[in-house]
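All remarks here apply to the structure that follows.
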DNA sequence: GCGGGTTGATTGACTGGTCAATCAAGTTCG
DNA sequence: CGAACTTGATTGACCAGTCAATCAACCCGC
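Protein chains in written order, with this note's numbering: chain A, 1 to 193; chain B, 194 to 386.
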């Protein structure tokens, strides 16, 4: 194995292990030792690569948000009309890649961490700003000056379904939620158009 | 001071201190020592009364949910019509007593804890069931068989605004959110009636 | 092509600190 | 007095982070 890729692949598997461990434990209360063991390395190596536990956790958060962003981007490329952009954003939020228990639980845990960790807060606000921006861009041509209020409502609806899913026991059923949010969106557009 | 009431008042002030400490720290990662110090007693006393740290935290969660339930009950007594019941539920969710940073942050932290703690999960599901039941009871006369779907949507909207508030920096502005949710409710009712 | 030196990868053992929980002793009040 | 109350001190467990040492791959001058 080439030297250069060693560090990157080790870091990647440690981040994956961190996300898995967070999901398994249901909170950010995980130890470096457990993350490292899950990744098949020693805890010392995790420190060697990341410097501190916090950096591992932040890297995990970045990874999750990057995944969410990629999903959104991919869904948006095929959307021609503003209404289609709305659908794409909704579909991406509850899509298979993002809307799985592992990600939802970790996301929720980071929400709590953002209370006291400036870096986590910044990342979280970035996610919110991106979601809001996507919604606004699609809503503006449809409802004009009502766009900000509608964007706030849709964002809350999406986040609310997300967080409620975290409390359910069964597997996540994104399709049903997509249909529900789409229906509400249609009603809101009809009323504000 | 009477001996009998000593235990109750000590317990109450420890629970209050726990909630305050959770809010100050932004997570459930608090120590018995800090809770006890905030309440003006030794950590040993906290253990004496509650037996374990977990019991203190669960008591704090119960206290918060009890507060939420009391707010809802109080708002509902004056509601004569189904639509008024909906308004009461919305108003109670974002009312001053429930919708303050301290409670929101603690509530979010408990959401995470419910992932791994069966007792916390049970309490959280109780809250969700109560909210859902309130909404259903008010919606059934208004929209009939669409009530479950609408209840799910409104619950997600409420929880979503809650959780998004936790990420904001400024003080919580419940009035604006009440107006927003009320407007959406009117639209949904009009469409499904 | 090869041997010695350099560099990164990896580990086990250790440290310093924190914290929940316990205990035994002291205090207060009926 | 004696029972409930309260505390400081202690214990045992856990964990993040450090360190010295080993190991494997690559480089380079000969």
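Even for Gly, the Cβ is constructed at its ideal location relative to N, Cα and C.
So, does the CB of residue i fall closer than 9 Å to a CB anywhere in chain B?
i              : result
residue 159(A) : yes
residue 184(A) : yes
residue 102(A) : no
residue 149(A) : yes
residue 92(A)  : no
residue 99(A)  : no
residue 156(A) : yes
residue 21(A)  : no
residue 87(A)  : no
residue 187(A) : yes
residue 119(A) : no
residue 27(A)  : yes
residue 166(A) : yes
residue 95(A)  : no
At a cut-off of 8 Å, would you count residue i as near the ligand NAP, judging by its Cβ distance to the nearest heavy atom?
i              : result
residue 173(A) : Annotation note on the ligand NAP: not contained in the displayed structure, which lists no ligands.
Between the options, which has its C-alpha nearest residue i's C-alpha?
i              : options                        : result
residue 24(A)  : 306(B), 348(B), 295(B), 223(B) : 306(B)
residue 197(A) : 53(A), 55(A), 97(A), 60(A)     : Nothing can be reported for residue 197(A): it is not among the residues displayed for chain A, which extend from 1 to 193.
residue 79(A)  : 174(A), 39(A), 137(A), 8(A)    : 137(A)
residue 116(A) : 333(B), 360(B), 341(B)         : 360(B)
residue 130(A) : 180(A), 92(A), 185(A), 177(A)  : 92(A)
residue 10(A)  : 66(A), 46(A), 111(A)           : 46(A)
residue 252(B) : 241(B), 212(B), 223(B)         : 212(B)
residue 262(B) : 325(B), 274(B), 333(B), 357(B) : 325(B)
residue 160(A) : 177(A), 148(A), 171(A), 150(A) : 177(A)
residue 274(B) : 332(B), 246(B), 244(B), 356(B) : 332(B)
residue 363(B) : 294(B), 375(B), 342(B)         : 294(B)
Note down, in chain order, each residue of its chain lying with its Cβ closer than 6 Å to the Cβ of residue i, except the 5 sequence neighbours on either side.
i              : result
residue 385(B) : 336, 339
residue 17(A)  : 35, 38, 39
residue 358(B) : 297, 365
residue 174(A) : 94, 99
residue 15(A)  : 59, 60, 63
residue 180(A) : none
residue 27(A)  : 109
Step through the CB atoms of chain A and report whether any lies within less than 9 Å of the CB of residue i.
i              : result
residue 330(B) : no
residue 245(B) : no
residue 304(B) : yes
residue 346(B) : yes
residue 231(B) : no
residue 326(B) : no
residue 308(B) : yes
Among residues of its own chain, excluding the 5 on either side of residue i, which ones have a beta-carbon nearer than 7 Å to its beta-carbon?
i              : result
residue 269(B) : 278, 281
residue 205(B) : none
*For the segment 220–293 of chain B, list the alpha helix (DSSP H) runs that are entirely contained and at least 4 residues long, ordered along the chain.*
225–232, 236–243, 246–270, 275–286
*Please go through the segment 137–182 of chain A and give each complete alpha helix (DSSP H) segment of 4 or more residues, from N-terminal end onward.*
147–167
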